[in-house]
Amino acid sequence: MPQAVLPEVLNTSFEAAKVVFPVPFVREKLEVVNQYIHSEELGVLIGLTHDLQGRLIIEGRAPVFQALGVAMYGMELADAMLESFVGEIGNMVAGNMSTRLAENGIHVEISPPTVIVGPTKLTGFVTAAKIPLHLENIGVIHVILILDESE
1 MPQAVLPEVL NTSFEAAKVV FPVPFVREKL EVVNQYIHSE ELGVLIGLTH
51 DLQGRLIIEG RAPVFQALGV AMYGMELADA MLESFVGEIG NMVAGNMSTR
101 LAENGIHVEI SPPTVIVGPT KLTGFVTAAK IPLHLENIGV IHVILILDES
151 E
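UniProt numbering applies: residue 1 is where the sequence shown begins, and numbers increase by one.
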């Protein structure tokens with residue numbers, strides 16, 4: 001993982017989350033993941049290209065995303081609507097992050113969201129940074145950042 005830009009990218013992703021999530025959250029301790037990422041129930045993967053190569057993953061349990069949907073839109077989301085919502089959460093956070101990085105001279109394009117449904121094991125990376133976010137009165141989601149090494 002490119003160590004020089006990791007703190008800036010992580011901080012930018014949290015600033016983006018503050019804009020997207022309508023509730024306060026507490027950022028917990030970063031966990032370095034070297035083997036695989038286990039997504040319990042629901043998540044979204046957004047590819048990062050150009051100046052940064054990698055992936056942004058937001059994952060958590062379905063009830064947490066349902067409660068976030070109620071907080072954001074005032075209505076319960078389920079099934080395909082919930083999955084679509086999770087994809088849009090990824091788009092909003094990654095898009096806002098990309099815009100903020102561009103303001104600092106780092107050009108990042110994002111891929112369309114890949115929604116992850118059901119227990120999933122993600123591999124194919126060297127190191128990932130996984131940070132739990134405790135959303136007030138909602139629950140925990142994880143922001144996971146994988147930055148590929150430059151060649």
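For each residue, glycine too, the CB sits at the ideal point set by N, CA and C.
Since the structure is predicted, the reported quantities are computational estimates derived from the model, not experimental observations.
With DSSP collapsed to three states, give me the class of R27.
Here R27 sits in strand by DSSP.
Compare the C-beta of P113 against all C-beta atoms of chain B and say whether one is closer than 8 Å.
As a matter of chain content, chain B is missing from the structure shown, which is built from one protein chain.
Going by DSSP, name the residue or residues bridged to T114.
L45
Here's a check: name, in chain order, each residue in its chain whose Cβ is nearer than 8 Å to the Cβ of I138, leaving out the five neighbours to either side.
Taking I138 as the centre and dropping the five residues before and after it, the same chain places the C-beta of V23, V64, A67, L68, A71 closer than 8 Å to its C-beta, in chain order.
Rounded to whole angstroms, what is the Cα-Cα separation between L101 and V20?
16 Å
Under the assumption that E41 contacts R61 (Cβ atoms under 8 Å), give the Cβ distance between them as a whole number of angstroms.
Between R61 and E41 the Cβ distance is about 5 Å, and since that is below 8 Å, they are a contact.
Between K130 and V33, is the Cβ-Cβ spacing less than 8 Å?
Contact: yes.
Buried or exposed: where does G90 fall if 16 or more other Cβ atoms within 10 Å of its Cβ makes it buried?
Buried is the label assigned to G90, since at least 16 other Cβ atoms lie within 10 Å of its Cβ.
Assuming E59 and I141 make a contact with CB atoms under 8 Å, what is their CB distance in whole Å?
The Cβ separation is near 7 Å, so the contact holds.
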